[in-house]
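One structure is given here, and the rest of the page talks about it.
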Amino acid sequence: MLRLAPDVYEQMVGHCLDGLPDEACGLLAGRAGTPKASVAYRTRNAAASARLYEVDPKDLLRADRDAEARGLVMLGVFHSHTHTDAYPSPTDVAQAPDPEWHYVIVSLKDMVPVVRSFRIVDGNIAEEPVVLDGK
Amino acid sequence: MAVEIRLPTILRQHAGGQATVQANGGDLGEVFDDLVRQFPNLAGKIVTDDGALHKFVNVYVNDDDVRYLDKLDTKVGGDDVVSILPAVAGG
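Quick note, the sequences are listed as chains A and C, same order.
For the first sequence, the numbering used here gives the first residue as 11, with consecutive numbering after it.
For the second sequence, the numbering used here gives the first residue as 65, with consecutive numbering after it.
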């Protein structure tokens, strides 16, 4: 299960909408050992593409340092699918960088964004519930 | 010259669980060679067998992405911190 602070959800979806017509991406951080994302980092998509994303390396470093300074750990990544469902593509699976991360996909295929989260371990995809957690 | 290297979570298991290690060298290539000598399970994960930076890894010297410096020829000194982060990408 992935818990999202409400403002994290808002920033995540907002960032994806702002990124159109390209895919947008960002990072999620929270306290170690908890499945709650309390911070969203709105990073640039260095691929600048409607089909691919790459978290800009400078933004990646900045986010990593900021999370560490706040005593948080990076616990996942979010990105948008502009025309397809909120489900990991073969590229998403092949390039998943960390088996402990949560992989959130925001589909902008329809008017209402769809947000789903997955674990990707050794090429296996397992969906997990996403819950808003306002505490 | 010993340089501090900050490892990403996924590589720490290959370095005895350490988040920060030290390695010797005058440039990044030498530093990574020394790193692999100390931790053989890191072989191929930062520098490929062809001797190039692995494309799924970002390496920074202090705040600078080494792709914009001299890649593995980037000179490093005792005050420099080398950070390694996995590339985060997909489609």
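We treat Cβ as the ideally placed atom computed from N, Cα and C, and that holds for glycine.
Since we're looking at a predicted model, the values are computed, not measured.
Asked	Found
So with CB distances below 8 Å, who are the chain A contacts of residue 75 of chain C?	Ordered by position in chain A, no residue passes the 8 Å Cβ test against residue 75 of chain C, which lies about 10 Å from the chain.
Checking contacts by CB at 9 Å: is residue 81 of chain C closer than that to chain A?	no
Residues of chain A with CB under 8 Å from residue 149 of chain C, in chain order?	67, 70, 71 and 74
Could you give the uninterrupted runs of the beta strand (DSSP E) lying entirely in the segment 97–128 of chain A, keeping only those of 3 residues or more?	112–117
For a contact meaning CB atoms closer than 7 Å, what does residue 101 of chain A contact in chain C?	154 and 155
Here's the rule: buried if 16 or more other CB atoms are within 10 angstroms of the residue's CB, otherwise exposed. What is residue 168 of chain A?	As displayed, chain A neither begins before 11 nor continues past 145, which places residue 168 of chain A out of reach and without an answer.
Out of curiosity, what's the CA-to-CA distance linking residue 11 of chain A and residue 44 of chain A?	10 Å
Answer yes or no: does any C-beta atom of chain C fall closer than 9 Å to that of residue 45 of chain A?	no
Looking at the secondary structure, which residues open and close the beta strand (DSSP E) in which residue 82 of chain C lies?	From DSSP, residue 82 of chain C is part of no beta strand (DSSP E); its letter is neither H nor E.
Under a Cβ-count criterion, where at least 16 other Cβ atoms within 10 Å of its own Cβ denotes burial, should residue 128 of chain A be classed as buried or exposed?	buried
Put residue 112 of chain C into one of helix, strand or coil per three-state DSSP.	coil
Taking 9 Å as the CB-CB cut-off, is residue 95 of chain A touching chain C?	no
Go through its chain and collect everything with a Cβ distance to residue 66 of chain C's Cβ below 6 Å, but skip five positions before and after it.	86 and 88
Tell whether a beta-carbon distance below 9 Å holds between residue 64 of chain A and residue 153 of chain C.	yes
In this structure, what does DSSP give as the bridge partners for residue 37 of chain A?	A:51 and A:87
Measure from the C-beta of residue 129 of chain C to each C-beta in chain A and report whether the shortest distance is under 9 Å.	yes
To the nearest angstrom, how far is it from the Cα of residue 138 of chain C to the Cα of residue 56 of chain A?	23 Å
Looking at the unbroken beta strand (DSSP E) that takes in residue 140 of chain C, where does it start and where does it end?	Counting along the chain, residue 140 of chain C falls outside any beta strand (DSSP E), and DSSP gives it neither H nor E.
Given that residue 105 of chain A touches chain C, what residues does it touch there, using C-beta distances under 9 Å?	120, 151, 152, 153, 154 and 155
Contact check, residue 117 of chain A vs residue 123 of chain A under 8 Å by CB: the rounded distance?	7 Å
List the whole-angstrom C-beta distance separating residue 81 of chain A from residue 38 of chain A, where the pair is believed to meet the contact cut-off of C-beta under 8 Å.	That pair is no contact at about 15 Å.
Give the interface partners of residue 64 of chain A over in chain C, defined as CB-CB distance under 9 Å, in chain order.	151, 152, 153 and 154
What's the C-alpha gap between residue 119 of chain C and residue 145 of chain C?	20 Å
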